[in-house]
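In my numbering, the protein residues as written are 5 to 224. Taking it in order: structure first as structure tokens, then the write-up.
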């Protein structure tokens, strides 16, 4: 399967904003409780976007961890660097294309993360192999993303309204098999944790905007 989609930053930021406004659970709290990043850790955030996860770890460790955020989007990196400066943080935001060799030495990081990004990798075995290479012995990889059923309701609504069937989702559907299986074949131990966040929309407009941003992610 070829995945050549490069998500627009507007759609990504729209979904993040809506989840924070209308969600029933806090993914930041869940992530920190699960990973418990510590002061002194070397952390790599792959596909960091505008730096949401990088800043989360920076706050959780009281700015005592060494954090590197990497992304291929100059637009999102600019946003991350601007916020980094405003906060007075010392996160290293740099260009990183996860379809190419990571520009880091072997055994560099204690924790490597990728939130809602790495399922667009062209060659999962290569990308996760690079993550494994730059992790120290005993280091951990954390990958998060949606499952296909997350958006099934949207597809059902569209089908009922238009009688049109939308083709399978190439991005999120990879979590159902390819991503988990590839990680399991490379790393010594693999665990699956489920985060549930129910959205409640008080009006129609944000719901329509969320559907648009979500479906564009899968279709491009």
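Using N, Cα and C, we set each Cβ at its ideal position, and we do this for glycine too.
Problem - residue 42 versus residue 147 - alpha carbon distance - result: 18 Å
Handout entry: For residue 77, three-class secondary structure by DSSP
Key = DSSP places residue 77 in the coil class of the three-state scheme, outside both helix and strand.
Practice task
Name the two residues that bound the continuous beta strand (DSSP E) containing residue 109.
Solution key: Taken as a continuous stretch (DSSP letters only), residue 109 belongs to no beta strand (DSSP E), as it is neither H nor E.
Handout entry: N- and C-terminal bounds of the beta strand (DSSP E) containing residue 133
Key = Here residue 133 belongs to no beta strand (DSSP E); instead the alpha helix (DSSP H) covers 128-138.
Problem - For residue 67, the three-state DSSP class (helix, strand or coil) - result: coil
Handout entry: the region 80-87 / the region 113-125 touching (three or more Cβ pairs under 8 Å)
Key = Too few Cβ pairs lie closer than 8 Å, so no.
Problem - Test item: CB-CB of residue 27 and residue 151 under 8 Å - result: no
Exercise for the section: Would you give the residue range spanned by the alpha helix (DSSP H) that residue 39 belongs to? Expected result: 31-39
Handout entry: C-alpha gap between residue 17 and residue 25, whole angstroms
Key = 12 Å
Practice task
With a threshold of 16 other CB atoms inside 10 Å of the CB of residue 214, please say whether the residue is buried or exposed.
Solution key: The residue in question, residue 214, is buried, as its Cβ has 16 or more Cβ neighbours within 10 Å.
Problem - Contacts around residue 206, its chain only, beta-carbon distance under 6 Å, and the 5 residues preceding and following it disregarded - result: none
Handout entry: Distance between residue 81 and residue 99 (C-alpha atoms, nearest Å)
Key = It is roughly 8 Å from the alpha-carbon of residue 99 to the alpha-carbon of residue 81.
Exercise for the section: Could you tell me the distance, in whole angstroms, from the CA atom of residue 126 to the CA atom of residue 134? Expected result: 13 Å
Problem - Sequence-distant residues of its chain with Cβ nearer than 6 Å to residue 96 (five each side left out) - result: 72
Practice task
Since I believe residue 31 is in contact with residue 199 (beta carbons under 8 Å), could you give me their beta-carbon distance rounded to a whole number of angstroms?
Solution key: 6 Å
Exercise for the section: State the Cα-Cα distance for the pair residue 209 and residue 22, rounded to the nearest angstrom. Expected result: 11 Å
Exercise for the section: May I ask you to report which of helix, strand or coil DSSP gives residue 6? Expected result: Residue confidence for residue 6 is low, a pLDDT of 40 falling below 50, so the modelled location carries little weight; the figure read from the coordinates is stated next. Coil, per DSSP.
Handout entry: Contacts around residue 223, its chain only, beta-carbon distance under 7 Å, and the 5 residues preceding and following it disregarded
Key = Because residue 223 sits at a pLDDT of 42, beneath the cut-off of 50, its placement in the model cannot be relied upon, and the following sentence gives the value as read from the coordinates. Here the set comprises nothing.
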